[in-house]
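A.B. asks:
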Amino acid sequence: MAKNKCRTPEIQKYSNEVRTSYDSLYNQIQSDPHKALQTVQNMELKVNTAIVSLKYIDAVLTLIIKEKSDKAAQWTERKLERSRLF
């Protein structure tokens, strides 16, 4: 997946798959522990993949917020300089 492509559909997909797997996990634990273990491992992989995507989104949003804050601070500083109040 390209770094600039929005990852929220991927996160939603993995979330839905984990939810579906969780629904069947209880029965698997009782009937086939090996299958249950495989299901849990697959769930872990999907959750970890979603977490990596969320960390990427977190970093992008942090940069956007910082950039906007920096620009707002620069604008305020310029306005104060022009006002000659300080």
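Residue numbers (the working numbering): 73 to 158. Beta carbons: idealized from backbone N, C-alpha and C, even for Gly.
Would you check if the distance between the CB atom of Val119 and the CB atom of Val90 is smaller than 8 Å?
C.D. replies: In the sequence shown, the residue the question calls residue 119 occupies position 47. In the sequence shown, the residue the question calls residue 90 occupies position 18. Yes; because the gap between Cβ atoms is below 8 Å, this pair is in contact.
A.B. asks: Could you please give the first and the last residue of the uninterrupted alpha helix (DSSP H) stretch that includes Asp95?
C.D. replies: Mapped onto the sequence shown, residue 95 falls at position 23. Per DSSP, Asp95 belongs to the alpha helix (DSSP H) from 80-103.
A.B. asks: Measuring CB to CB, does Ala108 end up less than 8 Å from Leu117?
C.D. replies: Stepping through the sequence shown from its first residue, residue 108 is reached at position 36. Stepping through the sequence shown from its first residue, residue 117 is reached at position 45. Result no, Cβ atoms of Ala108 and Leu117 do not sit closer than 8 Å.
A.B. asks: At the level of alpha carbons, what is the spacing between Glu139 and Ser87?
C.D. replies: Taking the first residue of the sequence shown as position 1, residue 139 is located at position 67. Taking the first residue of the sequence shown as position 1, residue 87 is located at position 15. Rounded to whole angstroms, Glu139 to Ser87 spans 31 Å at the Cα level.
A.B. asks: I believe Ser141 touches Asn114 by the beta-carbon criterion, under 8 Å. Please report the beta-carbon distance rounded to the nearest angstrom.
C.D. replies: Position 69 of the sequence shown, counted from the first residue, corresponds to residue 141. Position 42 of the sequence shown, counted from the first residue, corresponds to residue 114. Incorrect: roughly 41 Å between the Cβ atoms, too far for contact.
A.B. asks: Could you check if Ala145 is buried or exposed, using at least 16 other CB atoms within 10 Å of its CB as the buried criterion?
C.D. replies: Here residue 145 refers to the residue found at position 73 when the sequence shown is read from its first residue. Exposed, because fewer than 16 other Cβ atoms sit within 10 Å of the Cβ of Ala145.
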